[in-house]
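First comes the structure, then the notes that go with it.
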Amino acid sequence: MRRWLLLLLFGLSVVATSYPQEVGEGQLLYQTHCASCHGEDRAGKVAPPLFSLFLKRYSEKKLFNIIKNGLPASQMPAFPQLSEKEIRQIIAYIKKPANIKWNIDNIKESISINTQGTGKDIKVNDIKNIVAVVERGKNKVWIMEGLDILDKFDFKNVHGGLKFSPSGWSVYVPSRDGWIGRYDIDKGKFFGKVRACVYLRNISLDRTGRYVIVSCWLPEGIVVLDGETFSPIKFIEQDGLISAIYELYSDDKAVFSFKNRPVIGFLNTKNFEISYLQIKEPYEDFFIDPFERYIIGTSRKGTVLSVYDLVNEKEVFSYPIDGMPHLASATYWYKDGKFYFATPHMTMPYVTIWQMYDWKFVKKVGTEGNGFFVRTHPSTPYLWTDNGKDRIILINKTDYSVKSVETFKGKRVIHTEFSGDGKYAYVSLYNRDGNLLIYDSITLDLLKNIPASIPIGKYNIINKSRKYSPVLLGREVFLKKCWGCHHETQEAFAPSFRWIVNRRDRSTITAHILDPEGMYRALGYERNAMPKLNLTEWELEAVVSYMMEFKDAQNN
Numbered sequence: 002m003r004r005w006l007l008l009l010l011f012g013l014s015v016v017a018t019s020y021p022q023e024v025g026e027g028q029l030l031y032q033t034h035c036a037s038c039h040g041e042d043r044a045g046k047v048a049p050p051l052f053s054l055f056l057k058r059y060s061e062k063k064l065f066n067i068i069k070n071g072l073p074a075s076q077m078p079a080f081p082q083l084s085e086k087e088i089r090q091i092i093a094y095i096k097k098p099a100n101i102k103w104n105i106d107n108i109k110e111s112i113s114i115n116t117q118g119t120g121k122d123i124k125v126n127d128i129k130n131i132v133a134v135v136e137r138g139k140n141k142v143w144i145m146e147g148l149d150i151l152d153k154f155d156f157k158n159v160h161g162g163l164k165f166s167p168s169g170w171s172v173y174v175p176s177r178d179g180w181i182g183r184y185d186i187d188k189g190k191f192f193g194k195v196r197a198c199v200y201l202r203n204i205s206l207d208r209t210g211r212y213v214i215v216s217c218w219l220p221e222g223i224v225v226l227d228g229e230t231f232s233p234i235k236f237i238e239q240d241g242l243i244s245a246i247y248e249l250y251s252d253d254k255a256v257f258s259f260k261n262r263p264v265i266g267f268l269n270t271k272n273f274e275i276s277y278l279q280i281k282e283p284y285e286d287f288f289i290d291p292f293e294r295y296i297i298g299t300s301r302k303g304t305v306l307s308v309y310d311l312v313n314e315k316e317v318f319s320y321p322i323d324g325m326p327h328l329a330s331a332t333y334w335y336k337d338g339k340f341y342f343a344t345p346h347m348t349m350p351y352v353t354i355w356q357m358y359d360w361k362f363v364k365k366v367g368t369e370g371n372g373f374f375v376r377t378h379p380s381t382p383y384l385w386t387d388n389g390k391d392r393i394i395l396i397n398k399t400d401y402s403v404k405s406v407e408t409f410k411g412k413r414v415i416h417t418e419f420s421g422d423g424k425y426a427y428v429s430l431y432n433r434d435g436n437l438l439i440y441d442s443i444t445l446d447l448l449k450n451i452p453a454s455i456p457i458g459k460y461n462i463i464n465k466s467r468k469y470s471p472v473l474l475g476r477e478v479f480l481k482k483c484w485g486c487h488h489e490t491q492e493a494f495a496p497s498f499r500w501i502v503n504r505r506d507r508s509t510i511t512a513h514i515l516d517p518e519g520m521y522r523a524l525g526y527e528r529n530a531m532p533k534l535n536l537t538e539w540e541l542e543a544v545v546s547y548m549m550e551f552k553d554a555q556n557n
């Protein structure tokens, strides 16, 4: 019988010196100091589960130091008030074996649909500017547009990143302990929730929005849910801990890697079959480039950054680097004909800059502290990052000079996100008595200060949905290469993008950019007025993607 249907046993054997009384006392201490984050049953809430799967790599000395001193650049606090005896009692308890089970029947039984009321009448000006904000301290998610909170709903232990449906009108919310909820913006109502597994890594949606794809550590595998009803479609058992799973916008596939296996997996989101590629070492963290040609991963326990070519199935770049790059937080931009990305490092006081496609390391930029996130948008000249302190660190994308913006003394800046149009920058102060600060992304003026208890992630469909990655870059290419002749929606020296994309298909537009002299007659012109732009493959893909955003809905 498959492991999915069996009772799953996790836990370390209690060491010989751990007597029943010590374990019992450790359990009481655990419930007092640890359960609010790690769960009453050790299955994890806002912090990881405490079973053998997660503890086996830690010696007792290491566990002691973590509990006593905390972990930098993480949410694990220090407990200096605990005595040596008390810490050892807690360690004895968390090493005690624990029985955890979950299966398809459990998923079905967990489905809870909200049948109360008709919801709020929410006025949305532009769905692409909606921002979902996680207020962890009060277990709330806010729905915002501009400077205004449109609604709030309850959801505990959010983890792994919120996901928008392709239209943007529904947002899916995952929790570390396996729950997934959905809020429907057009209905102003929380739809319901389902528990996909005991411990969840992250979620993705297929590119049609029909399925929710869940990567799970307890039990190890992938759960596929119906995005509309939350009914379980399939469980796909995996041998290993999935680092993350991300959908592709260009194909009916999702891509995932393992923390403990040197393998990349490709899930067909139509028939749910999986194929695998062997790589040199496990990718503990990774992201997919904006044009879905490469995977950028961290291996060797965070001391090497490598790039894997998905088309030619080979590693094309590797570079040694100190500290764990937080690649899930990487951000990218375009400058002077080149594409770049930046990533913070979990234990180092700097952000690193990298050139994409002709891959190379560019620069370390000091931030005077350990950062966790870095974000940007075409509308801002800066990379916005944090360093564990009370100032926003701004790195100029042109010359990599650094300046900072003061917030509130003694508070902790942790995460920035932008509205879809890039007008506003939303910044979290990660404190129990924290704040959500909203800035003008150009002038850096503080426009609004909203009290919030431990605000963390902010999510916007333009900045967080993969299909918009080339569109954002394309806007930058447009401003550099096309702005002198074309306007997006109005006729300038040349036709507007809206006029072009509503009269020509993508292949014709691409052909005209590549060979204007050879295409003008076929398009009905008497002479050629368009210069040859000599765009790279990636510039061309980006600017055409940006153009296609102006296709009218009835023609799209």
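All residue numbers for the sequence shown refer to the working numbering, where the first residue is 2 and numbers rise by one.
C-beta: ideal position from N, C-alpha, C; glycine also.
All values reported here derive from a predicted model rather than from experimental measurement.
- Non-local beta-carbon contacts of L445 in its own chain, meaning distances under 7 Å to residues more than five positions away in sequence, involve V406 in chain order.
- The stretch 454-467 makes no contact with the stretch 506-523: fewer than 3 CB pairs, one atom from each, lie closer than 8 Å.
- For the 7 Å CB-CB criterion, Y335 and E477 form a contact.
- The stretch 464-541 is shown to contain whole alpha helix (DSSP H) runs of 4 or more residues at 470-482, 498-502, 507-515 and 517-520, in chain order.
- Going by DSSP, D106 is part of the alpha helix (DSSP H) stretching over I105 to S111.
- Residues S497 of the same chain have their beta carbon placed closer than 6 Å to that of H488, with the five preceding and five following residues left out of the count.
- For C38, the secondary structure class from DSSP, reduced to helix, strand or coil, is helix.
- For Y358, the CB contacts under 7 Å within the same chain, skipping 5 residues up- and downstream, are F340 and W539 in chain order.
- In this structure, the CA atom of V142 is about 7 Å from the CA atom of A133.
- Looking at the DSSP output, F288 shares a beta bridge with I297.
- By the Cβ neighbour-count rule, R58 is exposed, with fewer than 16 other Cβ atoms within 10 Å of its own.
- The beta carbon of S442 is closer than 7 Å to those of H378, S380, T381, F419, G423, K424, Y425 and A426 in its chain, skipping five residues each way along the sequence.
- In terms of Cα proximity to P532, the closest of C486, A245, P263 and D185 is C486.
- In its chain, beyond the 5 residues on either side, P350, Y351, V352, T386, N388 and I394 have a beta carbon closer than 7 Å to the beta carbon of T368.
- Counting only residues of its own chain and dropping the five nearest sequence neighbours on each side, D253 has a CB closer than 6 Å to the CB of T270 and K271.
- Partner residues in a beta bridge of S330, as assigned by DSSP, do not exist.
- For the 7 Å CB-CB criterion, G193 and S111 do not form a contact.
- Residue environment: F52 is assigned as buried (16 or more neighbouring CB atoms within 10 Å of its CB, all protein chains considered).
- In this structure P471 is in contact with S546, their Cβ atoms being roughly 4 Å apart against a cut-off of 8 Å.
- Contact fails between the stretch 318-329 and the stretch 500-510, because fewer than three Cβ pairs, one in each stretch, are under 8 Å apart.
- Residue pairing for E146: DSSP places it in a beta bridge opposite I131 and D149.
- Here the alpha carbons of L534 and A79 stand approximately 57 Å from one another.
- Rounded to the nearest whole angstrom, the C-alpha separation of K482 and L541 is 10 Å.
- Below 8 Å, too few C-beta pairs join the stretch 218-225 and the stretch 159-174 to call them touching: fewer than three.
- In the DSSP annotation of this structure, the continuous segment of the alpha helix (DSSP H) that includes A93 starts and ends at E85 to I95.
- Scanning its chain for C-beta atoms nearer than 7 Å, with the 5 sequence neighbours on each side dropped, one finds around D391 the residues T408, F409, K410, G411, K412, R413 and V414, in chain order.
- Here W355 is buried, its C-beta having at least 16 other C-beta atoms within 10 Å.
- Excluding its 5 nearest sequence neighbours in each direction, L311 has C-beta neighbours in its own chain below 7 Å: R294, Y295 and I296, listed in chain order.
- Distance from the CA atom of F373 to the CA atom of A530, rounded to whole angstroms, is 48 Å.
- I322 sits in coil when the DSSP states are folded into three classes, being neither helix nor strand.
- For I67, there is no enclosing beta strand (DSSP E); the residue is part of the alpha helix (DSSP H) that begins and ends at E61 to N70.
- Ranked by how close their Cα comes to the Cα of S84, the residues V544, G27, K188 and Y212 have G27 in first place.
- Per the DSSP secondary-structure output, N450 pairs in a beta bridge with L438.
- Here A493 is exposed, its C-beta having fewer than 16 other C-beta atoms within 10 Å.
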